[in-house]
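Here the structure is laid out as structure tokens; the discussion comes afterwards.
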Amino acid sequence: MIWLTETIEFPGYDCTSEEGVIALGGDLSVERLTHAYKNGIFPWFSDNDPIVWYCPFERMVLFPAEIKISKSMQKIINKNEFTITENTAFEAVIYNCKNIDRNDGFGTWITNDMEQAYINLHKKGIAKSIEVWFKDELVGGLYGVEINHIFCGESMFSKVSNASKLAFMHLAKNKNYKLIDCQIHNEHLASLGAREIDRSLFLNILKG
């Protein structure tokens, strides 16, 4: 496995392990993160571990035209009980994604350093958020990185049923993205229309 040096360059894609790991180490600077996402690479690691960089062979993505909205979700949308905003509470969204109790076990990977790194990306206009409000309370949302008309989703949260789905559907229906990168297979996102594609196809779309 290749360890990164001070330069932001990553090894070639042929260095990817069977688990999808392409490199270890480095830092979470704005420059390195931006370079990583432009090349289809993202960090995913736990506290006290080295930074692990992934570029899996199969990429979970949603093409916006393929979003699945159930009849029950359409009824919720039609009621207009929730307000959806963009980039008005990024730090609150990532805080909730980091700290909310989850059943899927995917909440702990947002370390303090990771949280600050994406806040730094947001301040540069690269990381974006969608917020879902009920009255004046933030009840759901998601955040990710916008690169070349692709939204690379990082995490989402819900404090009430369906709030994160509303954020995801808003992203698919109201933004002009070529695709939404969901990174790795997730049954929840598969139920909304996301599917796996070959890495080479994903990279062609990303860099096209």
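Under this note's numbering, the letters of the sequence shown match residues 392 to 599, in that order. All C-beta atoms, glycine included, are put in the ideal place defined by N, C-alpha and C.
- Shown here, Asp504 sits in a helix according to DSSP, grouped into three states.
- An exposed status is given to Thr396, since fewer than 16 other beta-carbon atoms sit within 10 Å of its beta-carbon.
- Listed in chain order, the non-local C-beta contacts of Glu449 below 6 Å within the same chain comprise Glu587, local neighbours out to five positions each way being set aside.
- At a Cβ-Cβ threshold of 7 Å, Val421 and Asn511 count as neighbours.
- In this structure Ile432 is in contact with Ile413, their Cβ atoms being roughly 6 Å apart against a cut-off of 8 Å.
- The segment 404-460 contains, as complete alpha helix (DSSP H) runs of 4+ residues, the segments 421-429 (chain order).
- Rounded to whole angstroms, the gap between the alpha carbons of Cys488 and Ala480 is 12 Å.
- Taking all protein chains shown into account, Gly403 has fewer than 16 neighbouring C-beta atoms within 10 Å of its C-beta and is therefore exposed.
- When the beta-carbon positions are compared, Ile485 and Tyr509 come within less than 7 Å of each other.
- Cα atoms of Lys515 and Leu562: separation of roughly 20 Å, rounded to the nearest angstrom.
- In this structure, the beta-carbon distance from Ser555 to Gly531 falls below 7 Å.
- Around the beta carbon of Gly535, a 10 Å sphere encloses 16 or more other beta carbons of the protein chains shown; the residue is thus reported as buried.
- Secondary structure note for Phe559: its alpha helix (DSSP H) is the uninterrupted segment 554-565.
- Between Ile521 and Leu533, the C-beta gap is smaller than 7 Å, which places the two residues in contact.
- Ranked by how close their Cα comes to the Cα of Trp500, the residues Met451, Ile442, Ala483, Cys446 have Ile442 in first place.
- Taking 7 Å as the cut-off, the beta carbon of Leu419 is found closer than this to the beta carbon of Asp504.
- Per DSSP, the continuous beta strand (DSSP E) segment holding Tyr534 begins and ends at 528-538.
- In terms of Cα proximity to Thr476, the closest of Gln465, Lys519, Trp444 is Lys519.
- Of the candidates Lys429, Ile491, Met392, Leu557, Lys429 places its Cα closest to the Cα of Asn595.
- Phe473: member of the beta strand (DSSP E) spanning 473-477, first to last residue.
- Spatial neighbours of Cys543 in its own chain (CB-CB distance under 6 Å, excluding positions within 5 residues in sequence) are listed in chain order as Tyr428, Gly535, Val536, Asp572.
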